[in-house]
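Contents: one structure, followed by commentary.
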Amino acid sequence: MKITRLAVTALRMVLVVAFLLLLLFQVMSIPGQFAHMAQENPDRANLQWPLTIFFILEVACVQVVIVGTWKLLTLVKHDRIFSNGALVWVDAIVWAIAAGWTMLAALSAVVVLNADDPGLPLLLFLILVAGAALGLVVVVLRALLRQAADLRADMEAVI
Numbered sequence: 031m032k033i034t035r036l037a038v039t040a041l042r043m044v045l046v047v048a049f050l051l052l053l054l055f056q057v058m059s060i061p062g063q064f065a066h067m068a069q070e071n072p073d074r075a076n077l078q079w080p081l082t083i084f085f086i087l088e089v090a091c092v093q094v095v096i097v098g099t100w101k102l103l104t105l106v107k108h109d110r111i112f113s114n115g116a117l118v119w120v121d122a123i124v125w126a127i128a129a130g131w132t133m134l135a136a137l138s139a140v141v142v143l144n145a146d147d148p149g150l151p152l153l154l155f156l157i158l159v160a161g162a163a164l165g166l167v168v169v170v171l172r173a174l175l176r177q178a179a180d181l182r183a184d185m186e187a188v189i
């Protein structure tokens with residue numbers, strides 16, 4: 031149990047740092063990057079706001095996953111992970127991954143239709159495949175969590 035407590039504490043520290051860095055990206059780096067792009071390349075200035083909004087929303091999806099993971103860690107700490115309350119947070123993670131994947135798929139379609147070089151479309155396709163795999167793994171883990179929660183409820187009813 032001590033190793034679990036240590037792992038939960040370490041993961042929480044990593045999640046806090048990741049969340050704060052993503053917040054910094056949302057507020058400063060992403061808007062600044064695309065404002066700079068618009069200044070340096072005026073023929074693409076019309077992409078500044080759509081790309082800024084797109085990346086801010088993508089980062090928000092990752093932040094939802096971080097918050098959901100934090101909440102699940104709280105349930106682990108209190109030994110309530112095998113409950114229906116955990117499924118709510120896993121569902122939030124699944125929906126955040128699905129939303130991020132869908133937005134990236136839409137952007138990828140636009141990029142593929144306008145690409146001169148196959149490098150970026152292939153990279154985007156690789157990221158889409160990895161995102162789909164991640165989403166499907168979380169869906170499978172959700173099903174396992176549901177089964178474990180049902181088994182625990184059955185065991186508590188017997189005892």
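With the numbering used here as the guide, the letters of the sequence shown map in order to residues 31 to 189.
The C-beta atom is built at its ideal place from N, Cα and C for all residues, glycine as well.
All figures in this text were calculated on a predicted structure; none of them were measured in a lab.
Assignment of F49 by DSSP, reduced to helix, strand and coil, places it in the helix class. Each residue's CA atom was taken as its position, placing L105 and I157 some 31 Å apart. Under the three-state reduction of DSSP output, F112 falls in the coil class, being neither helix nor strand. Taking every protein chain shown into account, the CB of I33 has fewer than 16 other CB atoms within 10 angstroms, so this residue is exposed. Pairwise C-beta distances place the segment 140-150 out of contact with the segment 168-184, as fewer than three of them are shorter than 8 Å. Annotated three-state conformation of N144 is helix, per DSSP. Under the three-pair Cβ rule at 8 Å, the segment 42-53 does not count as touching the segment 62-77. Boundaries of the alpha helix (DSSP H) harbouring M67: 60-70, taken from the DSSP string.
Note on geometry: alpha-carbon atoms of V118 and F112 lie some 12 Å from one another.
Annotated as proximal: I123 and V168, with beta-carbon spacing under 9 Å.
Closest option to F155, judged by alpha-carbon separation, among L171, T132, L174, R172: T132. At a cut-off of 4 residues, the continuous stretches assigned as alpha helix (DSSP H) that sit fully inside the segment 74-107 are 78-107. With respect to K101, R35 sits apart: the two C-beta atoms are not nearer than 9 Å. Assignment of I189 by DSSP, reduced to helix, strand and coil, places it in the coil class.
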